[in-house]
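Numbering (the numbering used here), first residue to last: 3 to 385.
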């Protein structure tokens, strides 16, 4: 399947009843090979076969194998009757070929059954981050090119206003278009004071709405200054993010509405830890879609919290995320017993939360700092 095909298929998928995406964070290095290996080790890569495809393929192999077995039996019976030596030689050769073909098909059947039994999860697309928390990582666009080529799944490339002005944004999006990186998650960007590059200067020519505007213009054959492009680009799809919590929820809803109006294909929320919050966001998205005649999908953010320290950071330091006090209490009590108990309690609570979210609204964006094996453990208990 060509890159263009998997991208268009994903756009259809994100508007279907179920969709699952997974966040990949490039490291501070010149390679994403370790990231690719993590994805493959957990069985999240493109080699996952859907149950329906596996069953149809297995049925086809068995039918062909049975047909060959019949030919082999027929050849054996024919050899007892036929007396011509040349014919005997031909029949023997045909029978040997049929035997080998049958063995090969039996081997194929075994491999397919092994694939069926393997723990795998079908991720619909991956989101490549853009130096989150302003901590230096490999460029999201270049990382997305290699990840999409190797994993053979759609890559949503995160792109922010923090590090690029409109000129740089246009040039980068046009260049990535040539490599079939055409899905972009628009962010304003985390402030530099959070990161590890104190000498850097932020750009912030605009916020994420400016990226949505630029992508809309590029799809019309124009640049950010509304000058005509020399030739049209392949269709670009814009996504954006929203917080999952605010003391004044109306402010959050206003931002959601503005991004839906600006043409976002889907909105990805920050991690959600409260089902009531999820339900409120889902309802608001439906209202704004109806109001503006849009079809913006909503992806609920999920982040498993396995440690008290992580829960405390989310609670105190990450704007737009609300983690209930009960999580802090349970993890702190578990930690007082042992780190192992802390981890198991965190896994238990996170697994229960994922199950509730998925049962409420099975469109989930999974984030957990590239810990693909933990992701597999949680996902396979629900999917």
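Just so you know, even glycine gets a beta-carbon here, dropped at the ideal spot from N, CA and C.
Exposure of residue i, with buried meaning 16 or more beta-carbon neighbours within 10 Å
i	result
residue 194	buried
residue 182	buried
residue 83	Any reading at residue 83 needs caution, since the residue's pLDDT is 44, under 50, leaving its predicted position unreliable; the model's value is listed next. Exposed: under 16 other Cβ atoms inside 10 Å.
residue 136	buried
residue 216	buried
residue 18	exposed
residue 222	exposed
residue 212	buried
residue 49	Its pLDDT being 45, under 50, residue 49 is placed unreliably by the model, and nothing is read from it.
residue 177	exposed
residue 55	Annotation note: pLDDT 46 at residue 55 (below 50); position unreliable, no value reported.
Distance CB(residue i)-CB(residue j) smaller than 8 Å
i	j	result
residue 206	residue 164	yes
residue 220	residue 175	yes
residue 289	residue 246	no
residue 12	residue 192	no
residue 269	residue 238	no
residue 251	residue 271	no
residue 27	residue 371	yes
residue 230	residue 224	yes
residue 214	residue 240	yes
residue 304	residue 356	yes
residue 2	residue 162	Given that the chain is displayed from residue 3 to residue 385, the structure contains no residue 2 and the question cannot be resolved.
residue 218	residue 172	no
Given residue i as reference, the closest of the options once Cα atoms are compared
i	options	result
residue 299	178, 242, 41, 235	242
residue 31	144, 22, 44, 15	144
residue 280	265, 218, 325	325
residue 39	141, 152, 23	152
residue 283	149, 19, 257, 228	257
residue 309	286, 351, 228, 379	351
residue 344	361, 313, 362, 354	313
residue 16	363, 154, 47, 29	363
residue 210	260, 374, 255	260
residue 265	342, 277, 291	291
residue 21	374, 286, 368	368
residue 141	29, 47, 187	29
residue 14	208, 267, 373	267
residue 154	208, 233, 41	41
residue 323	33, 233, 276	276
Residue i versus residue j: straight-line alpha-carbon distance, rounded
i	j	result
residue 139	residue 133	5 Å
residue 359	residue 156	24 Å
residue 307	residue 348	6 Å
residue 196	residue 123	34 Å
residue 263	residue 296	8 Å
residue 366	residue 200	34 Å
residue 158	residue 43	21 Å
residue 330	residue 346	14 Å
residue 203	residue 167	12 Å
residue 51	residue 25	Bear in mind that a pLDDT of 41 at residue 51, under 50, signals an unreliable position, so the number given afterwards is only what the model happens to contain. Each residue's Cα considered, the two are about 21 Å apart.
residue 35	residue 377	19 Å
residue 53	residue 149	Low local confidence applies: a pLDDT of 47 at residue 53 is under 50, so the model's placement there is unreliable, with the coordinate-based value given in what follows. Answer to the nearest angstrom: the Cα atoms are 25 Å apart.
residue 169	residue 198	26 Å
residue 179	residue 332	47 Å
residue 328	residue 353	15 Å
residue 46	residue 380	13 Å
residue 287	residue 254	11 Å
residue 285	residue 294	15 Å
residue 23	residue 187	13 Å
residue 37	residue 160	16 Å
residue 208	residue 278	32 Å
residue 342	residue 375	17 Å
residue 361	residue 373	23 Å
residue 234	residue 33	32 Å
residue 232	residue 311	52 Å
Residue-chain proximity (residue i, chain D), Cβ-Cβ < 8 Å
i	result
residue 377	Within the model displayed, chain D is absent; a lone protein chain is all it includes.
>> Pairs of beta-carbons, one from the segment 331-338 and one from the segment 7-17, closer than 8 Å: are there three or more?
In response: No: the two stretches stay apart, fewer than three of their Cβ pairs being nearer than 8 Å.
- Query: Using 8 Å as the Cβ pair cut-off and three pairs as the minimum, do the segment 376-385 and the segment 314-322 touch?
  - Reply: The segment 376-385, when compared against the segment 314-322, does not touch it at the 8 Å Cβ threshold.
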